[in-house]
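Worksheet: the structure to be examined is printed underneath.
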Amino acid sequence: MRILKLTPRTEKWLLARRAQRDDEAQSVAAEIVADVRRRGDSALFAWSKKLDDLDLSRAGVWISREEIRSAKAQVSPDFLKAIRRAAKNVRQVAEQQLPRPWTTETEPGVKISQRVSPIESVGCYIPGGRFSLVSTLVMTAVPAQVAGVPHIAAVCPRPNPELLATANLLGIEKIARVGGAQAIAALAYGTNSIPRVEKIFGPGNKYVTAAKQLVSSDCAIDLPAGPTEAVVLAAADGNARWIAADLLAQAEHARDAASYFVTISHSLAQEVQREIKWQLAELPPGMASVSTETAGAILVANSLEQACEFVNRFAPEHLSLPENAERILQKNRSAGTIFLGPWGAQPLGDYATGSNHVLPTGGWAHKRGGLSAADFVKCISVQTISRDGFLRLADTVETLAESEGLMAHRNAVRVRR
């Protein structure tokens, strides 16, 4: 991993590199989405064969309940124990995140209430590369259950026994053997075998992210969760071994995963650089060795203020503050999730703290936070107006309607007088 001086030019280059539009991914995703929307199952099965080498038919798309239930016997008791604990914590946090109903009276005789109603149906996209990401099923399905969503379906091209056992533990009985942009299109528009859903959740590769953005005008999506981002900010102190381990943990997700260590200490920067090299030698071959060279960097700032401002402009998906955490936290304005203190290993949040690991990337942390139970509900405004309340507001509304030239609005009030 390179050591770079954090200058305005370096920062501009890093931000511009992240903002680059992947035209190839957009083009491929657009072709797949249009094809599945037009031809339905025929296109879904053809793309699944071409891209994932899956021979599918309508009868074999959905995994049987028997296969889901029998998966429990194929995984270890330790795995089941770990999933139960992670799901318990995610559920506890999700219960706190749910919006609450309320009622207020703005005028005598005018009551405004908030009604919280779950989305009718959701699709949970579970990445299925080298391994099925069982934690993503927990992070998407559990908040949906807490919100009261009646119809929850999951898609994964190659669900392993761990994923199926997790689904069984959570009570998820609808899992389809499809993935990629073709799965997103099927969920968004529906096919003969895959019913349309109201909203799609879950992260994926660049083609999945592009497909989600393409269908978002027709089907709601959670957020564009693109390539992983991790920033560790430590001014001059810090455990180089732990910092390096956190950076590599996120770097192993993909070759374009962006991991940055930001510091004002050149000596600490060199220590972390050495640790990354040593730890890579001990890890199995994988994406981390690629992404640390092509998408990661160690950035040496002139001051803590400069370092903090870079982090705010970058708005990373994951931000770790191992030292002087509370002081630096006060300077932060944007991040998907923040880990405070040296014991905040980022993988704890990926799996088991209860905080959701579906987080904004690509600068979206400037605009919103991570996935929460609130994303699975609709807050509906209910207005109850008595005759007295109507009369109190009638003159005000007629005046405002006239100012906007909306005479039918004025008349709807006037005819009730």
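Each residue of the sequence shown is one higher than the last, beginning at 22 in the numbering used here. Here a beta-carbon is modelled for each residue, glycine too, at the ideal position from N, C-alpha and C.
Extent of the continuous alpha helix (DSSP H) to which H339 belongs: Taking the first residue of the sequence shown as position 1, residue 339 is located at position 318. It is not in any alpha helix (DSSP H) - H339 instead sits in the beta strand (DSSP E) that spans 339 to 342.
Segments assigned beta strand (DSSP E), at least 3 residues, entirely inside the stretch 343 to 425: Here the runs fully enclosed are 358 to 361, 398 to 406.
3 or more residues per run - each beta strand (DSSP E) lying fully within the stretch 211 to 297: Fully enclosed beta strand (DSSP E) runs of 3 or longer: 220 to 222, 250 to 254, 279 to 284.
Straight-line Cα distance separating V418 from T127: To locate residue 127, count along the sequence shown from 1; it is residue 106. To locate residue 418, count along the sequence shown from 1; it is residue 397. So the two alpha carbons sit approximately 15 angstroms from each other.
Rounded straight-line distance, which links the Cα of H378 to that of D396: What you label residue 396 is simply residue 375 of the sequence shown in a count that begins at 1. What you label residue 378 is simply residue 357 of the sequence shown in a count that begins at 1. Each residue's alpha carbon lies about 14 angstroms from the other.
Sheet register partners of S142 (DSSP bridge): Position 121 of the sequence shown holds residue 142. According to DSSP, S142 shares a beta bridge with H172.
Beta-carbon spacing of A50, A336 below 8 angstroms: Start at 1 with the first residue of the sequence shown, and residue 50 comes out as number 29. Start at 1 with the first residue of the sequence shown, and residue 336 comes out as number 315. For A50 and A336, no; Cβs fall outside 8 angstroms.
Rounded separation between L342 and G259 - CA only: Within the sequence shown, the letter at position 321 stands for residue 342. Within the sequence shown, the letter at position 238 stands for residue 259. Taking the CA atoms as reference points, L342 sits about 10 angstroms from G259.
Own chain partners of E171 with C-beta closer than 8 angstroms, once the 5 adjacent residues on each side are dropped: Translated into the one-based positions of the sequence shown, residue 171 becomes position 150. Per the sequence shown, the amino acid found at residue 171 is Pro instead of Glu. Annotation for P171: P139, E141, S142 place their beta carbon closer than 8 angstroms to its own, counting only its chain and skipping 5 residues before and after.
Boundaries of the beta strand (DSSP E) in which E128 is found, first to last residue: Locating residue 128 in the sequence shown gives position 107, where the first residue counts as 1. Residues 123 to 128.
Nearest to D44 (by Cα), restricted to the options C240, I147, K227: Indexing the sequence shown from 1 puts residue 44 at position 23. In terms of CA proximity to D44, K227 leads the group C240, I147, K227.
Best match in V332, E303, S237 for proximity to A265 [C-alpha to C-alpha]: Counted from its first residue, the sequence shown places residue 265 at position 244. Out of V332, E303, S237, E303 has the C-alpha closest to the C-alpha of A265.
For T358 and H387, believed in contact at Cβ under 8 angstroms, the rounded distance: Here residue 387 is taken as the residue at index 366 of the sequence shown, counted from 1. Here residue 358 is taken as the residue at index 337 of the sequence shown, counted from 1. With 8 angstroms as the limit, H387 and T358 do not qualify as a contact, their Cβ atoms being about 14 angstroms apart.
Option nearest G192 by Cα separation, candidates Q367, R30, R413, R86: The residue given as residue 192 occupies position 171 in the sequence shown. Ranking the options by Cα distance to G192, first place goes to R86.
Same chain, Cβ closer than 7 angstroms to D371, five either side skipped, listed in chain order: Here the question's residue 371 lines up with position 350 in the sequence shown. Only residues of its own chain outside the window of five on either side were considered, and among them S156, H378 have a CB closer than 7 angstroms to the CB of D371, listed in chain order.
Beta-carbon contacts of L208 that lie in its chain and below 6 angstroms, excluding the five residues immediately before and after: Translated into the one-based positions of the sequence shown, residue 208 becomes position 187. Excluding residues within five positions, the ones whose Cβ falls inside 6 angstroms are G144, V218, I221.
Among V111, L185, A162, the one whose alpha carbon lies nearest that of A174: Here residue 174 refers to the residue found at position 153 of the sequence shown. Checked all of V111, L185, A162; the closest Cα to A174 is A162.
Delimiting residues of the beta strand (DSSP E) encompassing L190: Locating residue 190 in the sequence shown gives position 169, counting from the first residue. Here L190 belongs to no beta strand (DSSP E); instead the alpha helix (DSSP H) covers 182 to 191.
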